[in-house]
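Okay, so here's the structure we're looking at.
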Amino acid sequence: MRSGGPVCVAGAVVEIAVPSESRRAPGISMAGFRGRAEDPVNLQMVPYPAFTVFLDFGDALLVDDASGEWRRGSVVVGMTSGSVRGRGRDVDLLQVRLSPTVAYGVLGVSAEPDATVVALEDLWGRDTGRIQEQLRAAGSWDDRFAVMGAALARRRETGRRVDPEIAFVWGRIVTSRGRVRVERLAAEVGWSRKRLWSRFRSQVGLTPKRAAMLVRFDHVAHRLAAGHGAARVAAESGFVDQSHLCRDVMAIAGMTPTAVAGAPWLVVDDIAWPGVADAVA
Numbered sequence: 001m002r003s004g005g006p007v008c009v010a011g012a013v014v015e016i017a018v019p020s021e022s023r024r025a026p027g028i029s030m031a032g033f034r035g036r037a038e039d040p041v042n043l044q045m046v047p048y049p050a051f052t053v054f055l056d057f058g059d060a061l062l063v064d065d066a067s068g069e070w071r072r073g074s075v076v077v078g079m080t081s082g083s084v085r086g087r088g089r090d091v092d093l094l095q096v097r098l099s100p101t102v103a104y105g106v107l108g109v110s111a112e113p114d115a116t117v118v119a120l121e122d123l124w125g126r127d128t129g130r131i132q133e134q135l136r137a138a139g140s141w142d143d144r145f146a147v148m149g150a151a152l153a154r155r156r157e158t159g160r161r162v163d164p165e166i167a168f169v170w171g172r173i174v175t176s177r178g179r180v181r182v183e184r185l186a187a188e189v190g191w192s193r194k195r196l197w198s199r200f201r202s203q204v205g206l207t208p209k210r211a212a213m214l215v216r217f218d219h220v221a222h223r224l225a226a227g228h229g230a231a232r233v234a235a236e237s238g239f240v241d242q243s244h245l246c247r248d249v250m251a252i253a254g255m256t257p258t259a260v261a262g263a264p265w266l267v268v269d270d271i272a273w274p275g276v277a278d279a280v281a
């Protein structure tokens, strides 16, 4: 385990723990968060090109402002999570990010869930309660990472697998930071554009074009959060102009580039998610 030390997030002082290199697996990343705020903290999620699993042992509440749905405990949030916010005072949380090519087997989902936030129990059934008990009994973050890693490995071993062509296309989208044409990807795997569109949508949960937009948005969001100006980011990320970037950011996150640049949700990323590309490959 590696500790990131205390970080201030929207008024809450949070300690962050991440697994050692030996516990990391392709397409899966985990981080532990623990802390307390004097007053309840509201954090707007920023969309990310991975499914996110929250296993909460504090008082966190996830709210989907678009649907009015709210959930406590262990939940899964889809990739297009711009309407979701977390609220709470006592932080004790294990967060897992799953590449959509991994989530296809591990979560048993072949598309974005009908609701942006769903209970993990709805996907894993009674296994969820057993895993939660093991996590509560774990004496350290290392133990929690080991418990969750083993559960994910079991499900990955027995779960479905995406087509090799879909895994290849997703990898190309990620490594190109979303700057690749669907027609070119179809040609590279020897499929028609229509077939790629259909198979990709059924296994990843988004169309290839939407997936590329989301991956490019993630790169843009982290550039903006690092202090780079919107005009420069637009020019260096393949947008026609700054207005084009603003439209895409608003369409995906429901925020302006300025709001994304200051989003508290991104404050912990450099510590909690080292090697962003590894987390979504």
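Numbering follows full-length UniProt numbering, with no gaps: position 31 of the sequence shown is 31. For glycine and all other residues, C-beta sits at the position ideal for the given N, C-alpha and C.
| query | result |
| --- | --- |
| Residue 331 - containing alpha helix (DSSP H), residue span | Residue numbering for the chain in the displayed model covers 1 to 281; residue 331 lies beyond these limits and cannot be assessed. |
| 8 Å Cβ shell around Gln-132 - same chain, five flanking residues per side excluded | Leu-55, Gly-73, Ser-74 |
| Exposed unless 16 or more other CB atoms sit within 10 angstroms - verdict on Asp-248 | buried |
| Meets three-Cβ-pair contact criterion under 8 Å: the stretch 175 to 190 and the stretch 209 to 223 | yes |
| Neighbour-count burial assignment, Val-76, 16 or more Cβ in a 10 Å radius | buried |
| At least three beta-carbon pairs within less than 8 Å, the stretch 47 to 61 to the stretch 10 to 17 | no |
| Length of the line joining the Cα atoms of Ala-37 and Trp-197 | 45 Å |
| Val-162, DSSP secondary structure in three states | coil |
| Length of the line joining the Cα atoms of Val-174 and Arg-85 | 26 Å |
| Three-state secondary structure assigned by DSSP to Met-213 | helix |
| Nearest neighbour of Gly-78, chosen from Val-117, Leu-62, Val-18 [CA to CA] | Val-117 |
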